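Asks: Protein chains in written order, with my numbering: chain A, 15 to 161; chain B, 15 to 161.
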DNA sequence: GCTAAACTCTACCAAAACAGTAGACAAACT
DNA sequence: AGTTTGTCTACTGTTTTGGTAGAGTTTAGC
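1) State yes or no: is the C-beta of residue 85 of chain B within less than 8 Å of the C-beta of residue 145 of chain B?
2) Can you grab the Cα-Cα spacing for the pair residue 55 of chain A / residue 58 of chain B, in whole Å?
3) What did DSSP end up calling residue 68 of chain A once you bin it into helix, strand or coil?
4) Under 8 Å: do the region 91-105 of chain B and the region 117-133 of chain B share three or more Cβ pairs, one atom per stretch?
5) Answer yes or no: do residue 93 of chain A and residue 138 of chain A have a C-beta to C-beta separation smaller than 8 Å?
6) Less than 7 Å between C-beta atoms, sequence neighbours within five positions excluded: which residues of the same chain meet that for residue 134 of chain A?
7) Of the residues A:81, A:130, A:132, which one's Cα is nearest the Cα of residue 34 of chain A?
8) Since residue 138 of chain A is in the alpha helix (DSSP H), which residue starts that stretch and which ends it?
9) May I ask you to report which of helix, strand or coil DSSP gives residue 116 of chain B?
10) Residues bridged to residue 56 of chain B by DSSP?
11) Comparing C-alpha positions only, which one of B:73, B:95, B:74 sits nearest to residue 16 of chain A?
12) Throw me the rounded Cβ distance for the residue 98 of chain B and residue 21 of chain B pair, which I believe falls under 8 Å.
13) Taking the alpha helix (DSSP H) that residue 24 of chain B falls in, what are its first and last residues?
14) Need the endpoints of the alpha helix (DSSP H) that residue 141 of chain B sits in, please.
15) Can residue 163 of chain A and residue 29 of chain A be called in contact, C-beta distance under 8 Å?
16) Have a look at the DSSP bridge pairing and note the partners of residue 102 of chain A.
17) What does DSSP give as the partner residues of residue 78 of chain A in its beta bridges?
18) Can you name, in chain order, every residue of its own chain whose Cβ lies under 8 Å from the Cβ of residue 108 of chain B, other than the five neighbours on each side?
19) Under 8 Å between C-beta atoms, does residue 84 of chain B make it to chain A?
20) Can you tell me which of A:125, A:68, A:148, A:129 puts its alpha carbon nearest to the alpha carbon of residue 83 of chain A?
21) Hey, would you say residue 66 of chain B sits closer than 8 Å to residue 128 of chain A, going by beta carbons?
22) Grab me the residues of residue 110 of chain B's own chain with a C-beta within less than 8 Å of its C-beta, minus the 5 sequence neighbours each way, in chain order.
23) Can you give me the C-alpha to C-alpha distance between residue 136 of chain A and residue 38 of chain A, rounded to a whole angstrom?
24) With which residues is residue 40 of chain B paired in a DSSP beta bridge?
25) Under 8 Å between C-beta atoms, does residue 127 of chain B make it to chain A?
26) Within a Cβ cutoff of 7 Å, which residues of the same chain sit near residue 114 of chain B, ignoring the five residues on either side of it in sequence?
27) Our contact map puts residue 79 of chain B next to residue 51 of chain B with C-beta atoms below 8 Å; I'd like the distance itself, whole angstroms only.
28) Check each residue of the region 76-109 of chain B: if its Cβ is closer than 9 Å to any Cβ of chain A, include it; give the result in chain order.
29) Do residue 27 of chain A and residue 49 of chain A have their CB atoms nearer than 8 Å?
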C-alpha cells in the first residue's frame, strides 16, 4: 500500500529538474547534492525516467539532464508510473487473467475503482502545478522568517 | 503501492464470515478449506481481526468465529486497515513529524489527497454490499452454466 | 473426569523486495 | 591529453512478506 522511496525520489527529482528547467542541462551531481542522494543511486533512479522519455540527457563535459517535455505536459502519474513500475493496487487490475478465482472474486472491481480514484489525483497534477506550489511555499517561508 | 496478501486475504475471510453470518460460529478449518489457506496461517490473519473487534470467537469444541457487528456496519476500510496496518500511501500522511523536509516538501498534500480518494472507495462499501455482489455473481454463473 | 474438537500463542524460516554501494567504462568539451 | 560528465553492471546488507511448525488452552459431550 505504500509508495516506495523510488517513487517518492522520482517526483522530487523531476521537480528539481522542472525548477531549473530554463537553465540548460542540470548536472547529476547538483541534483544529488540538493536531494541528498548519492550520485550512483540517483543515476539508477534518473535513468528509467530517461528511458521512458520523460527527460533527456547530454553526455560528456557540460552535459546533464533536462525535461523532455514542458512541465505542464508531465503529470505526476507519468512520473510515479516510472518510479513504481505499476500503478495498480492489486496485480489483477493490470491483468485480469492469472487470477484463478476471477470467476468467483467480487473484489477486482473494488481494487479497480480504488486504483482509479487514487490515480485521478496523480493525473490532475502536472510538474507546472508542483513548481507553483513550491514557489508559493518558499515565498510564505520567506515572509514568515525574513533574514 | 500494492496491497499485501494479508489485506486481500482479510477481506476474503470477512466475506466468508458474512456469507455464513446466520449459521452460528464458523470453524477456522472450514474457512481454511474454502479459502485455500493453511489453518495456522489463517489464524495469524484472523486473530488481528478479532483483536481489533471486527469478529468474535468462541473457544472449545463447537467453537468458531462470527462477525462482531452486522455486515452493513463493517466497511472494507475497517478490514483493510487491520490487514495492512496502515492505510496511507506515504508514512508522512500518518505522522507529519518525522519528515525532516516537511517545511520544503510540496508532496505531502498530494499523498494525503490520493490516500483520501482511495479510501473513499473502501469506506463506501460494506460487507453487506459484498455479500450482495457475491450472490449476484453466483446467480449469473448459475444461469449461464446450468447443471 | 476423559477425550476430542476447536481456538491460542510463540518461535522460526526462506524467498523476495528494497535501498542502496562500488567500480569500470564511454562520450564530449577544452 | 585530460577532465568532466553520463552509462552500465554487479554485488550486498536489511527489511518485509508469506508462510510453517509445534506446544498449549479451553470447552462440549460422553
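Ideal Cβ positions, reconstructed from N, Cα and C, are used throughout, including at glycine.
A quick note: this is a predicted structure, and the numbers were derived from the prediction, not measured.
Replies: On the basis of the coordinates in this document:
1) yes
2) 37 Å
3) coil
4) yes
5) no
6) none
7) Of the candidates A:81, A:130, A:132, the one whose C-alpha sits nearest the C-alpha of residue 34 of chain A is A:81.
8) 122-138
9) coil
10) Answer by DSSP bridge pairing: none, since residue 56 of chain B is not bridged.
11) B:95
12) 4 Å
13) 19-33
14) 141-158
15) Past the edges of chain A, shown from 15 to 161, lies residue 163 of chain A, and the structure says nothing about it.
16) Beta-bridge pairing links residue 102 of chain A to no other residue.
17) A:72
18) 100, 102
19) With its beta carbon at least 8 Å from every one in chain A, residue 84 of chain B lies outside the interface.
20) A:68
21) no
22) If the five residues before and after residue 110 of chain B are omitted, its C-beta is found closer than 8 Å to the C-beta atoms of 116, 122, all from its own chain and listed in chain order.
23) Each residue's Cα considered, the two are about 27 Å apart.
24) B:79
25) yes
26) none
27) Incorrect: roughly 14 Å between the Cβ atoms, too far for contact.
28) Within the region 76-109 of chain B, the qualifying residues are 90, 94, 98, 99, 100, 101, 102, 103, 104, 105.
29) yes
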